[in-house]
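Below is one structure; the comments refer to it alone.
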Amino acid sequence: MSLNRTAQPKRPITVIPVPFDWGASRRGAAEGPQAIILSGLERKLQQLGFSCTIESSRYLPDVLADIRSSSNMRHWGKTLSTVEALAHKTAQAVAAGQFPLVLGGDHSIAIGSIAGAAQGRQRLGVLWIDAHGDLNTPDTTPSGNIHGMSLACCLGHGDSRFVAVSGQQPKVEPDRVVLVGARQLDPGERELIRALGITCFTMHDIDRYGMANVMEKAIRIVSDGTDGVHLSFDIDSVDPGEAPGTGTRVRGGFQYREVHLAMEMLAEASIITSADIVEVNPLLDNGYRTARLAVELIASLFGERIL
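And the structure:
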């Protein structure tokens, strides 16, 4: 595959922070957006020639008093209210011709960011870079944590209230979804991947064929016939030796140059129209090491190159 090496169009970027971590079992990811911003995100994007606006988080509802929860969908009330508000905010950015860059927060927020991105697209593709599949449903979840169900919801599987966020369901079709970097999948997730025919490049594939080859295939599949591609990037896709500040660490992830290459290839392909960066947890970090890495990777996604 021959990639277009031109930089992404410099659409204005709207940074949308989502300080929310009730979708996970460990607290702290709610501090991720601020940590990424304080690590120089705005300055870096401006250096790359982008107009950048950082939104406040006042668009989010106050969910602390919402006690709706169940054993197989923990804190579902808080999560549902949050992703509904985020979907509306993301859709506004898309309608205004901006690039929505959503900062999490745990990965449950992708239900909202993808729902919002899908409102402006007829055939949205989703590139899901993550150590996990996030393809559980309330019937298959081993934990009850909604951050492990977010992609399933976007595909139309799971609790009807989450599937129906923003009305459109499903938000994306299985043949327009590609997973990259999976290394810890639950039994129910494996079954759904096979049943729906989702393309999933595991760490075994990356070890065997190399990151460049895998990303070329992923880019080709996720952009074939689509009118936009949403990148959902979980920092736990990176090996915890490089990114210790995250709540669901799994050994054997991307090395530093591998993950930068993935982002650089996406910049060259110019296919990404919206993105979320999630699961940075400063409470578990070594200083701001993981937040700074997130800023570096965002810069690579938006065209920063060595030469």
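Its first residue numbered 293, the sequence shown is counted upward by one per residue in the working numbering.
The beta-carbon is built from N, C-alpha and C at its ideal position, and this holds for glycine as well.
These numbers were taken from a predicted model, which means no experiment stands behind them.
Assuming L576 contacts G544 (C-beta within less than 8 Å), just tell me the rounded distance between them.
As a working mapping, residue 576 is identified with position 284 in the sequence shown. As a working mapping, residue 544 is identified with position 252 in the sequence shown. That pair is no contact at about 18 Å.
Residue span of the alpha helix (DSSP H) that contains A567, given as start and end:
Position 275 of the sequence shown, counted from the first residue, corresponds to residue 567. Premise fails: A567 lies in the beta strand (DSSP E), 564-570, not in any alpha helix (DSSP H).
Contact between the stretch 333-342 and the stretch 366-381 is defined here as three or more beta-carbon pairs at a separation below 8 Å; is this criterion met?
no
Report the option in L523, V587, A456 whose CA atom is closest to the CA atom of L558.
The sequence position of residue 558 within the sequence shown is 266, counting from 1. In this structure, L523 is the residue among L523, V587, A456 with its C-alpha nearest to the C-alpha of L558.
Could you check where the beta strand (DSSP E) with G520 kicks off and where it finishes?
Position 228 of the sequence shown, counted from the start, is the residue given in the question as residue 520. Per DSSP, G520 belongs to the beta strand (DSSP E) from 520-526.
Look at L392 and T518 and say whether their C-beta atoms are less than 7 Å apart.
In the sequence shown, counting from the first residue as 1, residue 392 sits at position 100. In the sequence shown, counting from the first residue as 1, residue 518 sits at position 226. According to the sequence as given, residue 392 is Pro; it is not Leu. Cβ distance not < 7 Å, so P392 and T518 don't count as in contact.
By DSSP, does Q476 sit in helix, in strand, or in coil?
The residue given as residue 476 occupies position 184 in the sequence shown. Residue state, collapsed to three classes: strand.
Which residue spans inside the stretch 378-421 form an unbroken alpha helix (DSSP H) run of at least 4?
Under the rule that a run must span 4 or more residues, the alpha helix (DSSP H) segments found entirely inside the stretch 378-421 read 402-411.
How big is the Cα-Cα spacing for I590 and L395?
Indexing the sequence shown from 1 puts residue 590 at position 298. Indexing the sequence shown from 1 puts residue 395 at position 103. Looking at the two C-alpha atoms, the distance is approximately 11 Å.
What distance in whole Å lies between the Cβ atoms of L333 and V530, which are believed to be in contact at a cut-off of 8 Å?
Against the sequence shown, residue 530 aligns to sequence position 238. Against the sequence shown, residue 333 aligns to sequence position 41. Incorrect: roughly 17 Å between the Cβ atoms, too far for contact.
Answer with buried or exposed for A316, where buried requires no fewer than 16 other C-beta atoms within 10 angstroms of its C-beta.
Locating residue 316 in the sequence shown gives position 24, where the first residue counts as 1. So A316 ends up on the buried side.
Coil, strand or helix - F342 by DSSP:
For the purposes of this step, residue 342 is taken as the residue at position 50 of the sequence shown. DSSP places F342 in coil when its eight states are reduced to three.
Taking only three categories from DSSP, how would you classify S331?
Counted from its first residue, the sequence shown places residue 331 at position 39. In the three-state DSSP reduction, S331 falls in the coil class, being neither helix nor strand.
Between the beta-carbon of K602 and the beta-carbon of Y351, is there less than 7 Å?
Residue 602 lies beyond the range of the chain shown here (293 to 599); nothing can be said about it.
So which of F493, A379, P532 has the shortest CA-CA distance to F454?
What you label residue 454 is simply residue 162 of the sequence shown in a count that begins at 1. Checking every option, the nearest Cα to that of F454 belongs to A379.
Starting from T491 and walking both ways along the beta strand (DSSP E), at which residues does that stretch end?
Locating residue 491 in the sequence shown gives position 199, counting from the first residue. Secondary structure note for T491: its beta strand (DSSP E) is the uninterrupted segment 491-494.
Tell me whether the beta-carbon of P304 lies closer than 7 Å to the beta-carbon of S349.
For this step, residue 304 is matched to residue 12 along the sequence shown. For this step, residue 349 is matched to residue 57 along the sequence shown. No; because the gap between Cβ atoms is not below 7 Å, this pair is not in contact.
Should L599 go down as buried or exposed, given a rule of 16 or more other Cβ atoms within 10 Å for buried?
Start at 1 with the first residue of the sequence shown, and residue 599 comes out as number 307. Label assigned to L599: exposed.
Ordered along the chain, which non-local residues of its own chain (more than five positions away) have a Cβ less than 8 Å from that of G607?
Since the first and last residues shown for the chain are 293 and 599, residue 607 lies out of range.
So, helix, strand or coil for P430, using DSSP?
Within the sequence shown, numbered from 1, the residue matching residue 430 stands at position 138. Correct three-state label for P430: coil.
What three-state label does DSSP hand M503 in the structure shown?
As a position in the sequence shown, residue 503 is number 211, starting the count at 1. Helix.
Please tell me whether I513 and V470 are closer than 7 Å, where the distance is taken between their beta carbons.
On the sequence shown, residue 513 is found 221 positions in, with the first residue counted as 1. On the sequence shown, residue 470 is found 178 positions in, with the first residue counted as 1. Yes. Within cutoff.
Exposure label - S363; buried when at least 16 CB within 10 Å:
Residue numbering aside, residue 363 sits at position 71 when the sequence shown is read from its first letter. Counting Cβ neighbours within 10 Å, S363 comes out exposed, since fewer than 16 surround it.
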